[in-house]
């Protein structure tokens with residue numbers, strides 16, 4: 001930024017000055033209860049760097065451009081883009097930013113692999129995969145039928161992520177990013193996605209809050225909600241992953257870091273990260289125990305999702321959100337199986353699980 005950076009006023013409510021050359025811009029997410037992605041701007045000696053970019057949508061782009069203008073800069077001035085994870089509300093505008101500015105884009109290799117794979121795949125492959133996964137999870141045919149119909153009709157080009165920008169730099173865990181005049185270290189925190197990273201700004205807090213620097217936490221650590229933890233396999237991937245186990249391990253790592261302040265990608269900045277980590281660890285243990293109680297009778301992942309507690313009754317959950325809920329149920333079941341607290345019932349098709 002420049003010496004004559006305009007002062008942020010009440011007329012720029014979507015921009016927040018966090019001090020020490022860090023700002024946040026509320027970039028809207030269309031038709032999403034989260035409302036917005038907090039895109040963070042980090043001043044460096046070679047120009048501003050963005051942490052995430054927001055959803056690929058004209059209103060989102062206009063808001064990002066206006067937010068940067070309020071800071072006395074422009075999209076054309078962006079030096080680099082650091083992406084916490086590949087989801088479209090974080091990575092969506094990266095390509096447009098790069099086209100406008102020539103900025104580099106950095107992402108963890110595991111999420112770059114997802115971007116490359118998605119761009120290269122025929123969209124119909126994903127509809128077939130989702131149909132097969134839902135059938136294996138015990139979903140009724142009437143739920144799977146719309147996916148088969150979409151596959152047959154060819155209405156697939158609007159899926160987010162099909163044209164996501166391919167990053168040109170790799171975020172290497174535990175290493176400092178090459179940002180002139182700043183110390184920003186990558187911390188690999190898989191769970192929400194396989195390549196999710198938090199970014200630790202290893203500098204004194206500008207308001208001298210106690211703790212260890214500041215943390216750009218992406219979706220990994222949020223002040224009031226728990227991020228979605230579902231499955232993240234590819235159609236051709238035969239590995240049995242444990243995303244919830246990855247997430248819980250990553251949470252403990254962030255708790256030990258003890259940052260003075262957390263700057264998440266949704267909701268608002270907050271302090272006392274170790275306390276929030278403990279809340280989330282307790283939440284997931286309570287949920288696992290509750291699911292184990294439900295598995296006193298054999299249930300498929302779909303049957304389990306129907307009985308789990310969500311933010312609304314199952315009958316009121318929209319179609320797409322049900323798919324996400326079933327994926328989350330499967331991730332929790334995998335954790336129980338890995339812990340020896342549940343098992344697959346032999347001979348069941350679709351596979352049902354029971355508590356041990």
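In full-length UniProt numbering, the protein residues as written are 1 to 356. We put the CB at the ideal spot given by N, CA and C, even for glycine. Everything numeric in this text was worked out from a predicted model, so none of it was measured.
Per the coordinates, the alpha-carbon of residue 247 lies some 11 Å from the alpha-carbon of residue 254.
For the pair of segments examined, the region 75-94 was found to touch the region 48-56: the number of CB pairs separated by less than 8 Å reaches three.
In this structure the region 287-294 lies against the region 333-344, because at least three pairs of beta carbons, one per stretch, are closer than 8 Å.
The beta carbons of residue 75 and residue 100 sit closer together than 8 Å. Here residue 286 carries a helix assignment [DSSP, helix/strand/coil].
Shown here, residue 82 sits in a strand according to DSSP, grouped into three states. Contact between the region 130-139 and the region 111-118 is not established, with fewer than three Cβ pairs separated by less than 8 Å. DSSP places residue 41 inside the beta strand (DSSP E), whose first and last residues are 36-42. Note on geometry: alpha-carbon atoms of residue 329 and residue 219 lie some 19 Å from one another. In the three-state reduction of the DSSP assignment, residue 74 falls in the coil class, being assigned neither a helical nor a strand state. Of the residues 227, 211, 122, 190, the one whose Cα lies closest to the Cα of residue 241 is 190. Between residue 215 and residue 288 the beta-carbon gap is near 26 Å, outside 8 Å, which marks them as no contact. For the alpha helix (DSSP H) assignment, the uninterrupted runs of no fewer than 4 residues enclosed by the region 295-337 are, from N- to C-terminal side, 301-307. CA-CA distance, residue 20 to residue 228, rounds to 31 Å. Straight-line measurement puts the Cα of residue 18 at about 10 Å from the Cα of residue 40.
In the displayed model, residue 184 falls within a strand according to three-state DSSP. Between the alpha carbons of residue 266 and residue 104 lies a distance of about 24 Å.
Classified as buried, residue 243 has 16 or more neighbouring CB atoms from the shown chains inside 10 Å of its CB. Judged by DSSP secondary structure, residue 216 falls within the beta strand (DSSP E) whose first and last residues are 214-218. Non-local beta-carbon contacts of residue 16 in its own chain, meaning distances under 6 Å to residues more than five positions away in sequence, involve 24 in chain order. Residue 283 is classed as exposed because its beta carbon has fewer than 16 other beta carbons within 10 Å across all chains shown. Taking a C-beta distance under 8 Å as the contact criterion, residue 61 and residue 93 qualify as a contact pair. Per DSSP, the beta bridge partners of residue 107 are 170.
For residue 245, there is no enclosing beta strand (DSSP E); the enclosing alpha helix (DSSP H) covers residues 243-257. Comparing alpha carbon positions, the residue from 63, 167, 178 closest to residue 29 is 63. If you draw a straight line from the Cα of residue 130 to the Cα of residue 84, it comes to about 25 Å. Distances from the alpha-carbon of residue 251 to those of 270, 316, 277, 238 put 277 closest. By the CB criterion at 8 Å, residue 351 and residue 199 fall outside the cutoff.
Of the residues 132, 319, 37, the one whose Cα lies closest to the Cα of residue 268 is 37. In the displayed model, residue 113 falls within a helix according to three-state DSSP.
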